[in-house]
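Colleague: Below is one structure. I have some questions about it.
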Amino acid sequence: MRRLPVYLLLDTSGSMSGEPIEAVKNGVQIMISSLRQNPQAIETAFLSVITFDSTAQQIIPLTDLASFQMVDIRATGVTSLGEALKLVANKIDSEVQKTTTEQKGDWKPLVFIMTDGIPTDDWQSGLNEFRKMKVAFTVACAAGNGADTNILKQITDNVVSLDTTDSASIGKFFQWVTASIGVSSTKVEDSGKEVTGLNELPPPPSELNIVV
Amino acid sequence: MEDTRKYIEAFFFQHKIEVPPSKLSLFYDFIANEENINSVKIIQENQKMIMANWTLKTRIDDIISQSVSLPNGTVNKKYESKIDFIKLGWNDIIYSEIIDLEESGLEFNNEEEIIFGNPLISGDLNIKLLFRIDGESEDSILNEKTITIIINPDPKSLWKEIESDKNDPYWKEDNVAVSSNFLDKNIVIASKRGRSHANVGSFRDDDFAFKNIENTGWSVIAVSDGAGGYPVTRQGSKLVCEFVISYFKNNFTNESLIDFDETLLNHHNKSDEDSSKKISHFVYDNLSKAAWSVHKQLEEFATKSERPLKDFHSTLIFALVKKYDFGYAILTFGIGDCPIGLLNKDLTEIKLMNWLDVGEFGGGTRFITMPEIFQSDKFSTRFGFKLVDDFSYLMLMTDGIYDPKFVVEANLEKIEKWNEFLEDLQGKNEDNCKVDFNKENAEIAHQLSTWMDFWNPGNHDDRTLAIIY
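Read top to bottom, the protein sequences are chains A and B.
Here the first sequence is numbered in this note's numbering, starting from 1 and rising by one per residue.
Here the second sequence is numbered in this note's numbering, starting from 1001 and rising by one per residue.
Spelled out as C-alpha cells, the structure:
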C-alpha cells in the first residue's frame, strides 16, 4: 500500500510555554481523532512529529494513524529550525519508501512547520538539506508576531500566519491541517495524484492569513 | 527512659526551654514519671503513623498519575495487551481489579494481567483500575486509577454507500456483472464502483463491452478506466468501449480478413520472418485505425457536448480473438495502466500482452483521449499478437484489481503471481469467496461480483475484471 507520509515540525522553544504549547498538544490530539474518522486518511496517512527547541528531535517516527499515540511535549530553550529541517530531510530519506520494480513507493510527503520565533541556528544549511527531498508540499505557519515570515518564505511558497498564539488560533491552524491531510489522502486514492500546492487545499479559516 | 529523655530534651529545645543545673534533679524525676513516659510513647507512635500514612498516600498518588500506555485497539479486531505490573513497578499492589468493562467488549484476566477481547465502541476507552497497596488496611476503600485505551473505528464502517444520481445524463449502474459465451469459450465480467466513489455518491468510472461478431468469427472485448479528477470520464470509458465494438463490427469485415486467415494458417504451419512481418503489419494497420477512430469519435462527442476532450480522459485495452482449427489468434491494443494477461493451458506461462503506462509517482498514465500518443515513437509497441493452440484464461483488468492484487508491474510477468491470483479467485482469500470456473456454472457472474468486494487497505478504486475461460 502506498502511504501518505505527513511530517509535523513543531516549535517547542521557551516562548511557546504555557497556553501555546498546550494548544499545540491539544491541536494534534484533536487532529488525530478527527482523521481517524476519515476512511481514506486512517488507511493512508502516516504521521511523524519533530519538535525543535535548543535541539531538534523526532519524538514520533512515521506512524499509522491507528497506532499513533501523542507524547508529552514541553516548551524550553531556543529555536533550532535549521536542525529540524535537516532532521526531517534525513527522516524523509530513510522513512519514505521509494518506488522500485518490486514495490510501489509511498506518496510524496506533506510537511507542516509551525514556529513562533526566529531561528537561532544556521537555518540555511538545514534548508539546503531539506531542498534535496521531494515533497508534495510544505506549509509553514508563523504563529504570532515573533516569527519572521520572510525566512519562512525562503523555505516554502506556502506560508500562513496567525496573529496570536492563543489556543483558539492554534486550534484553527490544526483544524486546517486536518482538512488538508484529509483532502490529500482522498485525492491520492481517488485520482492517483498528489496535491501540489496551497490552491488545491481547503481554504484556510479567517484566523489564518496567507502570506504572499 | 533514655528515649523519653532525648525526646523531651529535643521538645524543650524546640520551645527554647533550658533546664538549669539547679533543676536537673527535678528534670530526672520528670522524665521518669510514668505518665510522661507514656505520653512520649503515644506521641512517637502517632508521628510514625503520620509518616507512614504520608508515604502511603504519595505512593498511591504516584500510581494514579503514572502514565500507562497501552497499544491502540480497533473495533471488531482482536485486542490483547498486558498491563505488566512488575514492569510498571507495581509490586506493592496487593489487590487489583478492573471494573466497568462490560460494554467495551474487553475483559481483564487478573492472573495474567492481560486485557483482551474485541472492542465494540470507538473512541477513548477509559478503564477503571481499582487497587490497594501494601500497608493499607484490608477494609480500606479501593483506590481508583484511569487508564485510557484509544479504540479506532473499524475502517470498513467509515465508508458510506451513497447512491449515485440516477438523473445525471451520464449515469451508469454502480455494479454490473455478466457472463456469456465468447467464441467457444465463456466470458465473465464484473465491474464495480469503488468505495471511494460510493463514499461520496459519485459514479463508477470503469466500463467494458464485448461482442461475438458472428459473420466474421471474431470476438472482441474492451475495458476502460475513466481517469479520476476529470468531470465526465464515466462517459468517456463507456463510449470508448462502445466505439471499439462498433468499429470492429462495421469495419472488420470479411473482405479484409480472408488474406489474414491465410497468413495465420501459413504462420502456423511455418512461422518465418515473412509471415511474422505480414501479421505485425495487419495488426498495426487494423488496430491503430480502430484506436484512432475511437479517439476521433470521442473528440466529436466532446465537441458536441461542448466540453474539452480531456474531460473524457480514459484508458483503453481491447482484445480481438478468433478461433481457428489450429488454435486461437489474439490481437490486442493497450493504452494506460490496465493489463491484458494470457495464461497458457497448463498454467505454466503468462504472456503479458501489453506494457503499462505507469508514471514515476503515479498519475503518469496515458489516455486514448491524448492525440500525442498517436504520434509517439512508442505507438507501434502498443499492439500485441499471439497465436496459441489453446489457453486457459485471458484476463483484462483495470488498476482497481491490478493494484491490490499484483501491486507492481513486474509481478504481472511472474507466473507464480498469476497462479496466486487464480487461487485467490477460487477461494483462497479472507472471505472464502469462490469463483467456480466450471463452464456449466450459471452463477459465475454473481460469484465474481461478490469476490470483487475484497478488502484491501488503501485500494478502493473502481474494479473491473474480465475473464475468458
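Glycine included, each C-beta is placed from N, C-alpha and C at the ideal position.
All values derive from a computational prediction rather than experimental measurement.
Whose Cβ in chain A lies nearer than 7 Å to the Cβ of residue 1331/B?
Modeller: Neighbours of residue 1331/B on chain A: none; closest Cβ ~28 Å, over 7 Å.
Colleague: Residue range of the alpha helix (DSSP H) that residue 970/B falls in?
Modeller: The structure shown does not extend to residue 970/B, since chain B is modelled only from 1001 through 1469, so no value can be given for it.
Colleague: Taking only the alpha-carbon atoms, compute the straight-line gap between residue 1264/B and residue 1282/B and give it to the nearest angstrom.
Modeller: Residue 1264/B and residue 1282/B: Cα-Cα distance of roughly 11 Å.
Colleague: By how many angstroms is the C-alpha of residue 84/A removed from the C-alpha of residue 1087/B?
Modeller: If you take the alpha carbons of residue 1087/B and residue 84/A, they lie about 34 Å apart.
Colleague: Specify, as a first and last residue, the run of the alpha helix (DSSP H) that residue 91/A falls within.
Modeller: Note, residue 91/A: alpha helix (DSSP H), 81-95.
Colleague: Pick out whichever of 127/A, 170/A, 203/A has its Cα sitting closest to the Cα of residue 31/A.
Modeller: If we check each option's Cα against that of residue 31/A, 170/A comes out closest.
Colleague: Quick check on residue 1401/B: does DSSP put it in helix, strand or coil?
Modeller: Here residue 1401/B sits in helix by DSSP.
Colleague: Since residue 1384/B and residue 1315/B should fall inside the 8 Å C-beta cutoff, what is the C-beta to C-beta distance between them, to a whole number of angstroms?
Modeller: Not really, about 15 Å apart at Cβ, beyond 8 Å.
Colleague: Can you pull the DSSP bridge partners for residue 165/A?
Modeller: DSSP, once it has assigned bridges, lists no residue as partnering residue 165/A.
Colleague: I'd like to check one pair, residue 1198/B with residue 1171/B: are the Cβ atoms closer than 8 Å?
Modeller: It is not a contact, given that the beta carbons lie outside the stated cut-off.
Colleague: Return the chain-ordered list of same chain residues with a C-beta closer than 6 Å to the C-beta of residue 1207/B, the five sequence neighbours on each side being excluded.
Modeller: Excluding positions up to five away in sequence, the list reads 1224, 1237, 1238, 1241.
Colleague: Please classify residue 1442/B: is it buried, with 16 or more other beta-carbons within 10 angstroms of its beta-carbon, or exposed?
Modeller: Looking at its Cβ environment, which holds fewer than 16 other Cβ atoms inside 10 Å, residue 1442/B is exposed.
Colleague: So, using beta-carbon positions, are residue 147/A and residue 118/A closer together than 8 Å?
Modeller: Going by C-beta atoms, residue 147/A is nearer than 8 Å to residue 118/A.
Colleague: Taking the DSSP output, what are the residues bridged to residue 1225/B?
Modeller: Beta-bridge pairing links residue 1225/B to 1206/B.
Colleague: Thinking C-beta only, is residue 189/A closer than 8 Å to residue 40/A?
Modeller: The answer is yes: Cβ separation under 8 Å.
Colleague: DSSP three-state label for residue 199/A, please.
Modeller: Helix.
Colleague: Would the region 95-113 of chain A and the region 137-145 of chain A be scored as touching if the rule is three or more Cβ pairs under 8 Å?
Modeller: Contact between the region 95-113 of chain A and the region 137-145 of chain A is present, because at least three Cβ pairs lie under 8 Å.
Colleague: So what's residue 1362/B in DSSP terms, helix, strand or just coil?
Modeller: At residue 1362/B, the pLDDT of 45 sits below 50, so the modelled position is not reliable; the number obtained from the coordinates is stated separately. Note: residue 1362/B maps to coil in three-state DSSP.
Colleague: Taking Cβ positions, are residue 173/A and residue 77/A nearer each other than 8 Å?
Modeller: No, they are not a contact pair.
Colleague: Sort out for me which residues DSSP pairs residue 137/A with in a bridge.
Modeller: In DSSP, residue 137/A forms a bridge with 110/A.
Colleague: Could you check the C-alpha separation between residue 20/A and residue 34/A for me, to the nearest Å?
Modeller: Each residue's alpha carbon lies about 21 Å from the other.
Colleague: Classify residue 1426/B as helix, strand or coil using the three-state DSSP reduction.
Modeller: Correct three-state label for residue 1426/B: coil.
Colleague: Based on the DSSP secondary-structure assignment, which residues constitute the bridge partners of residue 49/A?
Modeller: DSSP lists 8/A, 60/A as partners of residue 49/A.
Colleague: Please identify, using Cβ separations under 8 Å, the residues of the region 1244-1265 of chain B that lie next to chain A, in order along the chain.
Modeller: Per Cβ criterion, the list is empty.
Colleague: Anything in the region 1139-1163 of chain B with a Cβ closer than 9 Å to a Cβ of chain A? List those residues in chain order, please.
Modeller: The residues in question are 1150, 1152, 1153, 1155, 1156, 1157, 1158, 1159, 1160.
Colleague: Determine the direct distance from the alpha carbon of residue 1145/B to that of residue 1065/B, and round the result to whole angstroms.
Modeller: Spanning the two alpha carbons is a distance of roughly 8 Å.
Colleague: DSSP three-state call for residue 1078/B: helix, strand or coil?
Modeller: Looking at residue 1078/B - three-state DSSP - the assignment turns out to be coil, as it is neither helix nor strand.
Colleague: Between which two residues does the alpha helix (DSSP H) containing residue 1274/B stretch?
Modeller: 1273-1304 is the span of the alpha helix (DSSP H), which, as asked, contains residue 1274/B.
Colleague: Where does residue 1369/B sit, in a helix, a strand or coil, going by DSSP?
Modeller: Residue 1369/B: coil per DSSP, three-state reduction.
Colleague: Using a threshold of 8 Å, state whether the C-beta atoms of residue 1070/B and residue 1149/B are closer than that.
Modeller: Result yes, Cβ atoms of residue 1070/B and residue 1149/B sit closer than 8 Å.
Colleague: For the beta strand (DSSP E) that contains residue 1170/B, what are its first and last residues?
Modeller: Neither: residue 1170/B is in no beta strand (DSSP E) and is coded neither H nor E.
Colleague: Rounded to whole angstroms, what's the CA-CA distance from residue 1191/B to residue 1379/B? Just pull it up for me.
Modeller: One C-alpha to the other measures close to 28 Å.
Colleague: If we call anything under 8 Å between Cβ atoms a contact, is residue 4/A one with residue 191/A?
Modeller: Not in contact: residue 4/A and residue 191/A (Cβ atoms no closer than 8 Å).
Colleague: Residue 1131/B to residue 1142/B, Cα distance in whole Å?
Modeller: Rounded to the nearest angstrom, the two C-alpha atoms are 5 Å apart.
Colleague: For a cutoff of 8 Å on Cβ pairs, would you count residue 97/A as touching chain B?
Modeller: Judged by the 8 Å Cβ criterion, residue 97/A is not in contact with chain B.
Colleague: Nearest chain A C-beta to residue 1369/B closer than 8 Å, yes or no?
Modeller: Not one chain A Cβ lies under 8 Å of residue 1369/B.
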